[in-house]
Amino acid sequence: MYCLNGMNDFSVYSIENPFYYNDKEQSNSITYAKSNREKNVFFVNNNGLLTNEAQALGADLDSNARSASYLDYDNDGDLDIIINNYHDQATLLENETSKSNRWIKIKLVGNPRR
1 MYCLNGMNDF SVYSIENPFY YNDKEQSNSI TYAKSNREKN VFFVNNNGLL TNEAQALGAD
61 LDSNARSASY LDYDNDGDLD IIINNYHDQA TLLENETSKS NRWIKIKLVG NPRR
């Protein structure tokens with residue numbers, strides 16, 4: 001298991017080091033990925049005190065997770081999480097919090113060979 005707690009401290013091991021920046025360009029605390037079919041955890045950094053919010057968020061799934069990635073899967077401006085499981089399907093945790101309406105979509109046009 002590992003977690004990034006916003007203070008660049010890690011526990012045990014990690015294949016990756018996922019993080020994101022909020023609207024104020026501050027690094028935020030997120031994440032997890034455990035193995036051996038244990039419940040996943042989701043730590044939130046509350047001024048240096050880590051709290052596991054996985055159960056409240058519906059993220060405490062029994063899985064053989066190996067990594068997690070963050071993306072705006074549904075193009076609504078907030079981050080969703082995809083959990084990559086060993087010998088199993090990936091799990092998508094869709095962020096359904098209120099909309100921030102702070103996103104941009106870019107379509108590139110032109111000849112890439114020029």
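At position 34 of the sequence shown the residue is numbered 34 (UniProt numbering), and the sequence of numbers has no breaks.
Positions of the beta carbon are idealized from the N, C-alpha and C atoms, including for glycine.
Taking Cβ to Cβ, would you say E94 is nearer than 8 Å to D72?
-> no
Sequence-distant residues of the same chain with beta carbon closer than 6 Å to G110, five excluded per side | none
Report the residue from K107, S63, T97, K105 whose alpha carbon sits nearest the alpha carbon of H87.
-> S63
Best match in P112, I106, N40, S98 for proximity to A68 [C-alpha to C-alpha] | N40
Among residues of its own chain, excluding the 5 on either side of L61, which ones have a beta-carbon nearer than 8 Å to its beta-carbon?
-> K39, N40, I83, T91
Evaluate I104 with the Cβ neighbour count: other Cβ atoms within 10 Å of its Cβ, from every protein chain shown; 16 or more gives buried, anything less gives exposed.
-> exposed
Residues that Y70 bridges to, as DSSP identifies them | I81
Assigned exposure category for I81 - 16 Cβ within 10 Å defines buried = Burial is judged here by how many other beta carbons sit within 10 angstroms of a residue's own beta carbon; I81 has at least 16 and is buried.
CA-to-CA distance, G77 to N55, given in whole angstroms = What sits at residue 55 in the sequence shown is Gln, not Asn. Between Q55 and G77, the C-alpha separation is close to 24 Å.
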